[in-house]
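Written below as structure tokens is the structure these notes are about.
Numbering (the numbering used here), first residue to last: 344 to 454.
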């Protein structure tokens, strides 16, 4: 991970994502590389999940496009964690839940 392009939140959340995927038997990486991909709205990152045993891809999660790459990186991590959390694996980290409340207030779901 490129440290100058990450926030403290992204680093903390990526550590939580590391723990969750390891316990579930998966690995994750930024599929779009360290720079992300350009869209008409901004930069976007994609996270690829692979099976820890054989390395085969099992899924992709895209973050929302953002003007700043560090925001796009955070978005991809948050969406990955929210997906894992919604599938029944409970993330019991107080910082994660506080961040999700803040993120949800700043980015309400579309109607």
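Using N, Cα and C, we set each Cβ at its ideal position, and we do this for glycine too.
Under the DSSP assignment, residue 433 falls outside any alpha helix (DSSP H); it carries neither an H nor an E label.
Annotation: the continuous beta strand (DSSP E) that includes residue 402 extends over 400-405. In the DSSP annotation of this structure, the continuous segment of the beta strand (DSSP E) that includes residue 393 starts and ends at 389-394. The alpha-carbon of residue 354 is positioned some 19 Å away from that of residue 369. Separation of residue 372 and residue 440 (C-alpha to C-alpha, rounded to the nearest whole angstrom) is 23 Å.
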